[in-house]
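Participant: Chains as they are written, first to last, in my numbering: chain A, 63 to 279; chain B, 63 to 279.
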DNA sequence: CTCGCCCTTGACCCGTGGGTCAACCGGGTG
DNA sequence: CACCCGGTTGACCCACGGGTCAAGGGCGAG
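Dropping the structure here:
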């Protein structure tokens, strides 16, 4: 394939099929262990067709990552109430992220694969970096109004992103047999306790009841 | 090679050379992108020799991982004062881990590579699982004596291990231009704030001054 | 009907890199 | 000195999987 051609409806559908099957195989046996032949076989098409839609395996992978990054972003934005106080917004974002990561576990298992290749390192970085920027901005506000511990905002932001990511990882890899809702709530508590400048504030933020938004398919 | 033969001093040295050069190359360009030929070239030996010492690339990798896991464990044990209160021990362990991970950044960049292959997944699991077990035990004690928030101990333990890992990761990948000592101290504070059942206790534990143990080469 | 554009096929090419092997070196030992 | 054994060499083999390509199908427009 050259760059981005126009695809007919059929073409787009076929492409999505390939993406889906690839994601499943990657999650199941890893990126390196998945041959292009496996992907096309799973989708029930000939090998040559792969190259009609993608330049190569890596390009497909990038598309998968990008596609997913946008979805997560949307889920976060949807869960956050922009009028709430900063710490609460962070909690909302964190819980939404955990929920999202759990329901798209395959994709995230996939994301971790990125590390295998230096070339993917910055791809991945980009993904968390956006989230981190959002959180850092909220933290700045929280520090200014005294609700968040007075530490460098960017460092704290790493902690939030990291916590979400790690709990997501542990849950995904089956080491934490726990309903998603409980996990999300727990992570929310953890993050709030880590950031709050004192107990009163932590309790206040944790008192708010969050109704879990359904994850759109 | 068959299994574990006896190696002469020269043999052991050669093997270590291969391990070292492999680690460097893996860190530099990733696991999948490092050919066995690259490794032997870097070590200045012939390709056939590789198979005298290792069954294949994966076997070498496993050995590298194992070797490193043990070192980290030792560093943790050395930093922890077994007579101190649980929360403080956790802090000591966390700070030591961060320091260790920073000084052996190459090895840990490497560890992340494990994800690329399903076969490595449980290897990695094993590594964190030990640490997590240690922490969980300390947390149990802390919950019992009221110094740690009353949440499931194993969940909290995941948070500690995760935080250490993530900050290590971010620092290693150059996104946090910060002296190791400051980072370690910060992570210590983060962990303590996340776990402490109230401010008094957090302050008490954070008041203790930790003198950074030098990392043995 | 027929032209042309997407889409689809599967045989084929070929570089890469894992793994083997027969031969060779050199120091320690009887 | 002869032998042995751990260590070392690099040419060679070859399967695997990435990427190509010429040709064929089918559907919509004109």
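Glycine included, each C-beta is placed from N, C-alpha and C at the ideal position.
In its own chain, which residues sit with a C-beta less than 7 Å from the C-beta of residue 270 of chain B, not counting the 5 before and 5 after it?
Facilitator: 150
Participant: How is residue 98 of chain B classed by DSSP in three states: helix, strand or coil?
Facilitator: helix
Participant: What's the gap between the Cα of residue 239 of chain A and the Cα of residue 256 of chain B?
Facilitator: 22 Å
Participant: Hey, could you find the ends of the alpha helix (DSSP H) residue 250 of chain B is sitting in?
Facilitator: 242-257
Participant: I believe residue 263 of chain A touches residue 200 of chain A by the beta-carbon criterion, under 8 Å. Please report the beta-carbon distance rounded to the nearest angstrom.
Facilitator: The Cβ separation is near 14 Å, so there is no contact.
Participant: For a quick check, are the C-beta atoms of residue 77 of chain B and residue 87 of chain B less than 8 Å apart?
Facilitator: Contact annotation: residue 77 of chain B and residue 87 of chain B have beta-carbon atoms that are not nearer than 8 Å.
Participant: So what does DSSP say about residue 273 of chain B, is it helix, strand or coil?
Facilitator: coil
Participant: Buried or exposed for residue 99 of chain A, please, with buried defined as at least 16 other CB atoms from any protein chain shown within 10 angstroms of its CB.
Facilitator: exposed
Participant: Closer than 7 Å by C-beta to residue 205 of chain A: which residues in its own chain qualify, once you throw out the five before and the five after it? Chain order, please.
Facilitator: Take residue 205 of chain A, set aside five residues on each side of it, and the residues of its chain with a beta-carbon closer than 7 Å to its own are 212, 215, in chain order.
Participant: What in chain B is Cβ-close to residue 161 of chain A, meaning under 7 Å?
Facilitator: The premise fails here: residue 161 of chain A is roughly 16 Å from chain B at the closest Cβ pair, so nothing lies under 7 Å.
Participant: Just how far apart, CA to CA, sit residue 223 of chain B and residue 208 of chain A?
Facilitator: Roughly 28 Å between the two C-alpha positions.
Participant: Determine the chain B residues that contact residue 213 of chain A at a beta-carbon separation under 9 Å, and present them in chain order.
Facilitator: Contact of residue 213 of chain A with chain B by beta-carbon distance below 9 Å involves 248, 251, 252.
Participant: Using only alpha-carbon positions, find the residue among A:236, A:218, A:244 that is nearest to residue 245 of chain B.
Facilitator: A:218
Participant: Using a Cβ cut-off of 8 Å (strictly closer), state whether residue 279 of chain A contacts chain B.
Facilitator: Only weak support exists for where residue 279 of chain A lies, its pLDDT of 49 falling under 50; the value from the coordinates is given anyway. So no, residue 279 of chain A is outside the interface.
Participant: In chain A, which residues lie with their C-beta within 7 Å of the C-beta of residue 260 of chain B?
Facilitator: In chain order: 261.
Participant: Classify residue 279 of chain B as buried or exposed, calling it buried when 16 or more other Cβ atoms lie within 10 Å of its own Cβ.
Facilitator: Residue confidence for residue 279 of chain B is low, a pLDDT of 49 falling below 50, so the modelled location carries little weight; the figure read from the coordinates is stated next. It is exposed - the Cβ of residue 279 of chain B has fewer than 16 other Cβ atoms within 10 Å.
Participant: If you measure between the beta carbons of residue 111 of chain A and residue 84 of chain A, is that distance less than 8 Å?
Facilitator: no
Participant: Which chain A residues are close to residue 232 of chain B, counting only those with a beta carbon under 8 Å from its beta carbon?
Facilitator: 220, 224
Participant: Determine the closest residue to residue 101 of chain B out of B:81, B:117, B:114, B:148, with distance taken between C-alpha atoms.
Facilitator: B:81
Participant: Measure the beta-carbon distance from residue 254 of chain A to residue 160 of chain A and round it to whole angstroms, keeping in mind my assumption that it falls under 8 Å.
Facilitator: Contact doesn't hold; Cβ gap of about 14 Å is too wide.
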